[in-house]
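Beneath this line is the structure, given in structure tokens, with notes to follow.
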Amino acid sequence: MPQGWQNGITGQGRAKWEVISEQSAPSKPNVLRQSGEATFAWAAKMDAAIKDGFVEVKIKPVSGHEDQAGGIIWRVKDANNYYIVRANALEGNVVLYKTVEGKRSSLPVKGRMFGYGVDAKVPSGKWSTLRVEFSGKLFTVYFNGEKLFEVEDETFSDAGGVGVWTKADSVTLFDDFVFAGKQ
70 MPQGWQNGIT GQGRAKWEVI SEQSAPSKPN VLRQSGEATF AWAAKMDAAI
120 KDGFVEVKIK PVSGHEDQAG GIIWRVKDAN NYYIVRANAL EGNVVLYKTV
170 EGKRSSLPVK GRMFGYGVDA KVPSGKWSTL RVEFSGKLFT VYFNGEKLFE
220 VEDETFSDAG GVGVWTKADS VTLFDDFVFA GKQ
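Our numbering runs 69 ahead of the 1-based position in the sequence shown.
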């Protein structure tokens, strides 16, 4: 793991995070890869302590039969409490969730009473950029530079850690993780 990072799981299984050399890396030579199988595997910089700000990362879903997803987590309290936005190559969508006491639930897009994120072309085997900006209860999600949607939620209002996330049997690569914000 990169220095200052922690990793774990929400649910069951085993995460396998490692820094590896990757020819296609946007910032050569290394990337962070998750290749274990867990309900939800995460790696976070817990000492970031950001309340309002942004997180951006490049993701490359490589494989997975049950899922091919990569995401960002923020306002992380612990392994079972955080926000997450993820891009899924198998489902072709981007969805924002909250995980409360280990239970994940999707949050409706602002302006809609219900729904499940938005459709997006999330390519398998190619790099894409996922970004979330968060201020107070408002979260704005971008995919490959395009604003996709906004969500409002007040479940976690305090500062917390920031990081990356995968689901199930997703083998996903991460690069160019950047964040900024304030407590």
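Ideal Cβ positions, reconstructed from N, Cα and C, are used throughout, including at glycine.
Problem set entry | Arg-144 - containing beta strand (DSSP E), residue span | Residue range 138-147 is occupied by the beta strand (DSSP E) that includes Arg-144.
Exercise. By how many angstroms is the C-alpha of Asp-136 removed from the C-alpha of Ala-148?
Worked result: Using only the alpha carbons, I get a separation of about 20 Å.
Exercise. Taking the runs of the beta strand (DSSP E) that are 3 residues or longer, which of them lie wholly in the region 129-203?
Worked result: Those beta strand (DSSP E) runs which fall completely within the region 129-203 and span 3+ residues are 138-147, 150-157, 162-169 and 172-175.
Exercise. Buried or exposed: where does Asp-244 fall if 16 or more other Cβ atoms within 10 Å of its Cβ makes it buried?
Worked result: It counts as buried.
Exercise. To the nearest whole angstrom, what separates the beta carbons of Phe-225 and Arg-144, a pair I think is in contact under 8 Å?
Worked result: The pair is a contact, with the Cβ atoms about 4 Å apart (cut-off 8 Å).
For this session: Name the residue from Ile-78, Gly-80 and Lys-114 whose alpha carbon lies nearest to the alpha carbon of Ala-249.
Result: Checked all of Ile-78, Gly-80 and Lys-114; the closest Cα to Ala-249 is Lys-114.
Exercise. According to DSSP, is Lys-251 helix, strand or coil?
Worked result: Reduced to three states, the DSSP call for Lys-251 is strand.
Problem set entry | Helix, strand or coil at Trp-74 [DSSP, three-state] | Correct three-state label for Trp-74: coil.
For this session: Out of Asp-121, Ser-197 and Glu-219, point me to the one whose CA is closest to Phe-212's CA.
Result: The candidate whose alpha carbon is nearest that of Phe-212 is Ser-197.
Problem set entry | Sequence-distant residues of its chain with Cβ nearer than 8 Å to Asp-188 (five each side left out) | Closer than 8 Å at the Cβ level, and outside the excluded window around Asp-188, lie Gly-161 and Asn-162.
Exercise. By Cβ distance below 6 Å, which residues in the same chain neighbour Ser-193 in space, the five residues on each side in sequence not counted?
Worked result: The residues are Pro-130, Gln-137 and Ala-158.
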